[in-house]
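Asks:
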Ligand code: BT5
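Residue numbers (my numbering): 16 to 265.
#1: If you pair each beta-carbon of the region 108-117 with each one of the region 43-63, do three or more pairs fall below 8 Å?
#2: To test your reading of the DSSP string, which unbroken alpha helix (DSSP H) runs of 4 or more residues are found completely within the region 120-201?
#3: Which partner residues does residue 245 have in the DSSP bridge list?
#4: Taking DSSP's pairing of strands, which residues face residue 70 in a bridge?
#5: Using a Cβ-Cβ cutoff of less than 7 Å, which residues in the same chain neighbour residue 117 once the five nearest sequence positions on both sides are dropped?
#6: DSSP has residue 226 in a bridge; who is on the other side?
#7: Taking residue 59 and residue 90 to be in contact with their CB atoms under 8 Å, please state how far apart those CB atoms are, rounded to whole angstroms.
#8: Closer than 8 Å, CB to CB, is residue 48 near chain D or not?
#9: Report the partner residues of residue 103 according to the DSSP bridge assignment.
#10: In the DSSP assignment, what residue or residues form a beta bridge with residue 45?
#11: Would residue 215 be called buried (16 or more neighbouring beta carbons within 10 Å of its own) or exposed?
#12: By alpha-carbon positions, which one of 101, 168 and 108 ends up nearest to residue 71?
#13: Suppose you measure from the CA of residue 190 to the CA of residue 64; what does that come to, to the nearest Å?
#14: Could you give the distance in angstroms between the alpha-carbon of residue 242 and the alpha-carbon of residue 100?
#15: At a cut-off of 7 Å, is residue 73 close to ligand 1 when judged by its beta-carbon and the heavy atoms of the ligand?
#16: CB-CB under 7 Å to residue 259, same chain, minus the five flanking residues each way: which ones, in chain order?
#17: Measuring CA to CA, which of 220, 249 and 194 is closest to residue 28?
#18: Using the three-state DSSP reduction, which class does residue 109 fall into: helix, strand or coil?
#19: How far does the alpha helix (DSSP H) with residue 212 in it reach, from first residue to last?
#20: Residue 56 by DSSP, collapsed to three states: which one?
#21: Just mark residue 218 as buried or exposed, buried being the case when its beta carbon has 16 or more other beta carbons within 10 Å.
Right, dumping it as C-alpha cells:
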C-alpha cells in the first residue's frame with residue numbers, strides 16, 4: 016500500500032483554509048458521514064484510505080482499493096444554498112484541472128458530476144446537503160492497477176496510473192486539489208458559474224452528443240450559468256435540464 020495520507024504528512028503541506036480541520040481515518044464506511052457534526056466549520060475535510068460503503072449518486076456504490084485513491088469529503092457553508100447544486104461543476108473543474116496538471120492529459124467534465132480522460136471515468140463527485148451545509152464528496156482513482164478498477168462500471172474506469180503508467184504522490188495531489196477547490200469556490204462565491212463558463216464549455220464532454228436525461232432527449236449543448244445542461248430537440252426547441260441521469264445515445 017502507498018504511504019497513507021495521515022495528518023502528519025498532509026497538514027504541513029496545506030496552504031489555504033480548506034483542509035482545516037483535517038480528519039483522517041484508515042477506513043470509514045463513507046467520508047460523507049464523517050462531516051455530519053453540526054459544529055464543524057467550513058473547510059473541514061474528511062479523508063480515508065478505504066471506504067466500506069462508499070457511495071455514488073442514487074444509491075450507487077463507489078469502489079476503491081485500499082490506499083490507492085483519493086477519497087475525500089469537503090464541508091462548505093455557502094451563504095445561499097439555492098445555487099449549491101452548481102458546486103458539483105465547480106468541484107469537477109477543480110478535479111479536472113488537477114488531473115490535467117498531474118498527467119498532462121486532457122481532462123473533461125461530464126455534466127453534472129464526472130471527470131473523464133479519454134472517455135474513461137477517473138473521478139466522481141457527490142453533493143449532499145445538511146441544513147445550511149453542503150458536503151462535497153470526491154473520489155479520484157489514483158494508483159489502482161487495471162485489475163483493481165471496477166469492471167462493471169457504467170462508464171469504463173481509469174486511474175491516473177493506468178492512464179500514465181506512473182505512480183502518483185497522493186499527498187501532493189490532495190494538497191493541489193484543495194488549493195484548486197478553494198480558488199474556484201472563491202470565484203463561485205463572488206460571481207457564480209459565469210466566470211467558469213468558457214472552461215466548462217471547453218471541457219464539456221457531452222457537447223454535440225445525443226443524450227437522454229429523464230424524459231428529455233436531444234443534442235447536448237452548453238452548460239448555463241445556473242448549471243443547467245442545454246438540450247436541443249429534433250424540432251429545434253430547447254430545454255434547460257436542471258439535474259438528472261445522462262444516458263448517451265438518446
Ligand atoms: C459518483 O456517483 O460518481 C460519485 C462518487 C463520489 C465518491 C466520493 S468518495 C468520497 C465521498 N464518500 C462517498 O461515500 N462518496 C464520495 P455516480 O455518478 O452515481 O457513479 C457511480 C457509478 O460509478 C457506479 O455505479 C459504478 O458504475 C461507477 N464506479 C464505482 N466506483 C468507481 C470508480 N472507483 N471509478 C470509476 N467508476 C466507478
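Glycine included, each C-beta is placed from N, C-alpha and C at the ideal position.
These numbers were taken from a predicted model, which means no experiment stands behind them.
Replies: Straight from the coordinates:
#1: Contact fails: fewer than three Cβ-Cβ distances are below 8 Å.
#2: Positions of the alpha helix (DSSP H) runs, each at least 4 residues long and wholly inside the region 120-201, are given as 175-179 in order along the chain.
#3: Here residue 245 is bridged, per DSSP, to 255.
#4: DSSP output for residue 70 lists 76 as bridge partner(s).
#5: Setting aside the 5 residues that flank it on each side, residue 117 is surrounded in the same chain by 175, 183 and 188, each with a C-beta closer than 7 Å to its C-beta; the list follows chain order.
#6: Looking at the DSSP assignment, residue 226 forms a beta bridge with 233 and 263.
#7: 4 Å between Cβ atoms; contact.
#8: You won't find chain D in this structure, because it holds only one protein chain.
#9: DSSP lists no partner for residue 103.
#10: Among the bridge pairs identified by DSSP, residue 45 is matched with none.
#11: By the 10 Å Cβ count, residue 215 comes out buried.
#12: Of 101, 168 and 108, the smallest CA-CA separation from residue 71 is found for 168.
#13: The alpha-carbon of residue 190 is positioned some 16 Å away from that of residue 64.
#14: The alpha-carbon of residue 242 is positioned some 8 Å away from that of residue 100.
#15: Inclusion of residue 73 in the 7 Å shell around ligand 1 follows from its C-beta lying nearer than that to a non-hydrogen atom of the ligand.
#16: Listed in chain order, the non-local C-beta contacts of residue 259 below 7 Å within the same chain comprise 228 and 229, local neighbours out to five positions each way being set aside.
#17: Comparing alpha-carbon positions, the option among 220, 249 and 194 lying closest to residue 28 turns out to be 194.
#18: Reduced to three states, the DSSP call for residue 109 is helix.
#19: Start and end: 212-218.
#20: In this structure, residue 56 counts as coil in the three-state DSSP scheme.
#21: Buried, by the Cβ-count rule.
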